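Below is one structure, written out as structure tokens, with a few remarks after it.
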Amino acid sequence: MPRKKKTQEETEATASAESPVETVETPETPAQEPEPVEIASQTSAETDQTPATDSETDVSAAESATSAQPSSENAEPIEFDEAAEQADETETLPRYQPRPPYASDLDVDVPPSPLFSLDIADLEQMTLSELRELAREVGLSGFSRLKKDELIFRLLQAKAEAKGYMLGGGILEITSDGIGFLRSERMKPGPKDVYVSQSQIRRFGLRTGDMVTGQVRPPKETEKYYGLLRVEAVNGLDPEAAKRRPHFDRLTPIFPNEQIKLETKPHILSTRVLDLIAPIGRGQRGLIVSPPKAGKTTLLKDIANGMAANYNDLHLMVVLIGERPEEVTDMDRSVEAEVVASTFDDPVEDHVRVAEMALERAKRLVEGGRDVVILLDSITRLTRAYNLVVPPSGRTLSGGIDPAALYPPKRFFGAARNIEEGGSLTIIATALVDTGSRMDDVIYEEFKGTGNMEVHLNRRLAERRIFPAIDIERSGTRREELLLDQDTLQRVWLVRRMVSTLGNLEGVEALLDRMRKTRSNEQFLATLHLDI
């Protein structure tokens, strides 16, 4: 072959020369002095195509050695052997490949491929044992103590982290521009909010108050907020299923027909009295009318603890508007509920935003068939905040309140209802009276006939340190026959007649003393029947 003949001629010319580096010239290579490794690799490539003799290999090794040492005219043969060995090592060593970053982590923590093809709808259909088996394959720790919803969230979090993202979420607030933000810190704007685009809102039919969970990326250099890349769940459900949910305003409201029992411990008399005198049902719209320092906040706390202790299916929210900061901390620590607050030193815009976000959040849960309870303290301060926020209508009622400021809190309070299709929204709000402000009295008069349950607290009972200071004669529930059985209802009417006969103060004190001697309402009503 011509290529082989050319190689032999070059080899003979090189071997007959005194200085191989100066005399070797090939037309294929440029007129530069080649480096040793390149000559060795070129010779190796040529010998792969054409069988090389021992002399060719020795001469190539000699060229490499003389290139590194030009003054080796009298070099001994042993130096050529060493150069040949070095050339062989150069030819056989693999090229260095850099190690990929986080290679060890990826080998250990990456979940198996089935997890990447599963979404929340697939995980919801799996049993708890199947989810635990999947968590074991993924490598999660502590999954045996998690509930099904918590385990699904952990699996989605592992899926997002394996792809290099984070799993985040929050309560969606849609602005007037059509974009959305996921609020994480008690439904208030914060630095950790996640931006949601208009296309995502339209695609999944998202609404204000939705709890959105998905894959989130950190903000870039020119961005301020985190970005939502993929929607994994809406209110704990598959995003496609959330698109088919009904609207809250189109649901059918009915009277409350299932009582929420608040009785827990024998010495907590406030909840025991409410169960008899003013029972609360699912979907109740209740108003606690209280003068200052009559124990309304303590009563709300007892109601919340009673609901949390007796029912696991209720989603409990405590909304504090214009309260003291220490009251917020105490409520947050003593109640197992979602506490949303805006203290009195916050702007009135925060009061309005927090209340509206809490209401929208409750509506979204009711649309999914959940039973939600909102404890609002207080509707008087909320109305005062709206009086400063809404544009003035040019008319003013007694006390200096604008009529336009009464509509938003009425819309809030009127959202409480029992749903015929399933689910309910219960709202128990407090209203302040006898504060010395004419505006507070006007606000109470506007809300007095809107509720279907009222509890009045008596200042004279509170001054005598008789707690709970519940006015038995003025407190009650509309259509209470739907909540209490006939036998219990007859005995409750008997209690009312006894209190009316003894007088309000003495009758309430006698009732509380008698209830302290029994361990439950059932036992109390039984002893009352025996005395008759």
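Under the UniProt record's numbering, residues 1 to 532 are what the sequence shown spells out, in order. Ideal placement from N, C-alpha and C gives every residue a C-beta, glycine not left out. Remember, it's a predicted structure, so these values are computed and weren't measured experimentally.
Among residues of its own chain, excluding the 5 on either side of residue i, which ones have a beta-carbon nearer than 6 angstroms to its beta-carbon?
i: aspartate 350; result: Ser342
i: aspartate 434; result: Pro291
i: aspartate 332; result: Val339
i: methionine 453; result: Ala278, Gln284, Gly286 and Thr477
i: proline 266; result: Arg519
i: valine 348; result: Ala385, Leu388 and Val389
i: glutamine 490; result: none
i: histidine 456; result: Val289, Asp471, Arg474 and Ser475
Here's a check: name, in chain order, each residue in its chain whose Cβ is nearer than 7 angstroms to the Cβ of residue i, leaving out the five neighbours to either side.
i: lysine 261; result: Asp275 and Asn310
i: leucine 146; result: Arg154
i: glycine 169; result: Leu182, Met211, Val212, Thr213 and Gly214
i: methionine 515; result: Leu269, Arg272 and Phe524
i: asparagine 74; result: Residue placement at asparagine 74 is flagged as unreliable, the pLDDT there being 47, under the threshold of 50; the coordinate-derived value follows with that caveat. The answer is none, since no qualifying residue turns up.
i: glycine 400; result: Met439
i: leucine 406; result: Thr383 and Glu446
i: proline 325; result: Thr343
i: glutamine 198; result: Gly178 and Ile179
Quick check on this structure: which residue in the options has the alpha carbon closest to the alpha carbon of residue i?
i: threonine 396; options: Arg438, Ala304 and Gly142; result: Arg438
i: residue 533; options: Asp238, Leu512 and Ile466; result: Since the displayed the chain opens at 1 and closes at 532, residue 533 lies outside it and no answer follows.
i: glutamate 442; options: Met498, Thr383 and Glu481; result: It should be pointed out that residue 442 corresponds to valine in this sequence rather than to glutamate. Looking at the Cα atoms, Thr383 is the closest of the given residues.
i: residue 534; options: Gly178, Pro391, Pro189 and Met187; result: Residue numbering for the chain in the displayed model covers 1 to 532; residue 534 lies beyond these limits and cannot be assessed.
i: glutamine 200; options: Lys220, Lys243, Leu320 and Arg186; result: Lys243
i: glutamate 336; options: Glu360, Ser520, Ala308 and Ser184; result: Ala308
i: methionine 126; options: Ala358, Ser144, Phe143 and Lys148; result: Lys148
i: glutamate 421; options: Gly209, Gly190 and Pro253; result: Pro253
i: isoleucine 427; options: Leu314, Ala405, Leu151 and Asp402; result: Leu314
i: residue 565; options: Glu223, Lys220 and Arg230; result: Because the chain is modelled from 1 through 532, residue 565 falls outside the range shown and cannot be assessed.
i: threonine 380; options: Arg250, Lys410, Glu240 and Glu326; result: Lys410
i: glutamate 360; options: Asn458, Thr329, Ala415 and Glu327; result: Ala415
i: valine 373; options: Asn418, Leu131 and Gly322; result: Asn418
i: arginine 474; options: Glu133, Asn458 and Ile466; result: Asn458
i: proline 391; options: Glu327, Pro408 and Phe143; result: Pro408
Return helix, strand or coil for residue i, following the three-state DSSP convention.
i: tyrosine 195; result: strand
i: isoleucine 470; result: strand
i: glutamine 523; result: helix
i: valine 390; result: coil
i: valine 289; result: strand
i: glycine 169; result: strand
i: aspartate 48; result: The pLDDT assigned to aspartate 48 is 45, lower than 50, so where the model puts this residue is not dependable; a value taken from the coordinates is nonetheless given after this. DSSP places aspartate 48 in helix when its eight states are reduced to three.
i: methionine 331; result: helix
i: leucine 123; result: helix
i: glutamate 223; result: coil
i: valine 492; result: helix
i: leucine 528; result: helix
i: phenylalanine 204; result: helix
i: valine 374; result: Per the sequence shown, residue 374 should be read as isoleucine rather than valine. Of the three classes helix, strand and coil, the one that applies to isoleucine 374 here is strand, per DSSP.
i: glutamine 284; result: coil
i: arginine 186; result: coil
i: proline 101; result: Bear in mind that the predicted position of proline 101 carries a pLDDT of just 45, short of 50, making it too unreliable to give a figure here.
i: glutamate 454; result: strand
In terms of residues, what are the limits of the alpha helix (DSSP H) holding residue i?
i: glutamate 509; result: 504 to 516
i: valine 216; result: Looking at the DSSP string, valine 216 is not in any alpha helix (DSSP H); the run it does join, the beta strand (DSSP E), is 211 to 217.
i: histidine 351; result: 348 to 367
i: tyrosine 407; result: 407 to 414
i: threonine 175; result: It is not in any alpha helix (DSSP H) - threonine 175 carries neither H nor E in the DSSP assignment.
i: glycine 306; result: 296 to 310
i: arginine 230; result: Looking at the DSSP string, arginine 230 is not in any alpha helix (DSSP H); the run it does join, the beta strand (DSSP E), is 226 to 234.
Along the beta strand (DSSP E) that carries residue i, what are the first and last residues, could you check?
i: arginine 438; result: Counting along the chain, arginine 438 falls outside any beta strand (DSSP E), though it belongs to the alpha helix (DSSP H) covering 438 to 447.
i: glycine 400; result: Premise fails: glycine 400 is in no beta strand (DSSP E) and is neither H nor E.
i: arginine 132; result: Careful: arginine 132 lies outside any beta strand (DSSP E), inside the alpha helix (DSSP H) at 128 to 138.
i: alanine 404; result: Element bounds for alanine 404: n/a, residue is neither H nor E.
i: isoleucine 277; result: It is not in any beta strand (DSSP E) - isoleucine 277 instead sits in the alpha helix (DSSP H) that spans 269 to 277.
i: glutamate 338; result: 338 to 343
i: isoleucine 417; result: Here residue 417 turns out to be arginine, not isoleucine, going by the sequence shown. Note, arginine 417: beta strand (DSSP E), 417 to 419.
i: tyrosine 459; result: Note on identity: in this sequence residue 459 is arginine, with tyrosine being the wrong assignment. Looking at the DSSP string, arginine 459 is not in any beta strand (DSSP E); the run it does join, the alpha helix (DSSP H), is 459 to 463.
i: glutamate 323; result: 314 to 323
i: leucine 432; result: 424 to 432
Within the same chain, show all residues whose beta-carbon is closer than 8 angstroms to that of residue i, passing over the 5 residues directly before and after it, in chain order.
i: serine 113; result: Residue placement at serine 113 cannot be trusted, given a pLDDT of 45 that sits under 50; what the coordinates show is reported in the next sentence. Here the set comprises nothing.
i: leucine 482; result: Phe255, Pro256, Asn257 and Gly281
i: leucine 511; result: Val273, Ile472, Val495, Met498 and Val499
i: methionine 357; result: Ile171, Glu173, Arg183, Met187, Thr208, Gly209 and Val340
i: arginine 217; result: Tyr165, Met166, Tyr226, Gly227 and Leu229
i: arginine 479; result: Phe255, Pro256 and Asn452
i: proline 219; result: Tyr225, Tyr226 and Gly227
i: leucine 156; result: Ile120, Leu123, Leu167, Thr213, Glu232 and Ala233
Can you check whether the C-beta of residue i is within less than 7 angstroms of a C-beta belonging to chain B?
i: proline 191; result: The structure shown contains no chain B, having only a single protein chain.
Exercise for the section: Give a yes or no on contact between the segment 289 to 305 and the segment 461 to 472, applying the rule of three or more CB pairs nearer than 8 angstroms. Expected result: yes
Exercise for the section: State whether the segment 500 to 508 contacts the segment 244 to 262, with contact taken as three or more CB pairs (one from each stretch) at a distance under 8 angstroms. Expected result: no
Problem - Cβ pair count under 8 angstroms reaching 3, the segment 360 to 373 against the segment 384 to 395 - result: no
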